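Numbering (our numbering), first residue to last: 1 to 110.
Before any comments, here is the structure.
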């Protein structure tokens, strides 16, 4: 298996931006930390990935397609159930309004 895009949380960068390490063929795109969270980001792996634009999502041109990829914080296990329910209801509503292609669950436990 080869990973080309990896969503990251707790990036801990003071400003939004992107950093590229050409020797390793990786680009880190990230938001800025604030008082509640330490920022989310994407790690793009591979020299064939062309970065086009970064806002709060990433638009990427790859194989003549446009991809919109988002990374969000979800409520943690200790959060009140009502807040978690609201979050997932809003997430499901959002996903139902946009055309998506499911990629599966990528939860990893170390």
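From the three backbone atoms N, C-alpha and C, an ideal C-beta is built for every residue, glycine too.
Just so we're clear, the structure is a prediction, and the values are computed from it rather than from any experiment.
- Query: So, is residue 53 buried or exposed, given that buried needs 16 or more other C-beta atoms within 10 angstroms?
  - Reply: Any reading at residue 53 must be qualified, since the residue scores a pLDDT of 36, below 50, and its modelled position is unreliable; no value is offered.
- Message: Along the chain, where does the alpha helix (DSSP H) containing residue 29 start, and where does it finish?
- Response: Note, residue 29: premise wrong, no alpha helix (DSSP H); beta strand (DSSP E) at 26-30.
- Query: Helix, strand or coil for residue 144 per DSSP?
  - Reply: Residue 144 lies beyond the range of the chain shown here (1 to 110); nothing can be said about it.
- Quick one: Cα of residue 89 to Cα of residue 31, how far? 25 Å
- Message: Are the CB atoms of residue 43 and residue 26 within a distance shorter than 8 Å?
- Response: yes
- Item | Residues near residue 55 in its chain [Cβ-Cβ closer than 7 Å; skip 5 each side] | Below a pLDDT of 50, predicted positions are generally treated as unreliable, and residue 55, at 35, falls in that range; no measurement from the model is reported.
- Alpha carbon to alpha carbon, what distance is there between residue 45 and residue 5? 6 Å
- Considering only residues of the same chain and omitting the five flanking positions on each side of residue 11, which have a CB-CB separation below 8 Å? 28, 30, 31, 33, 38, 39, 40 and 41
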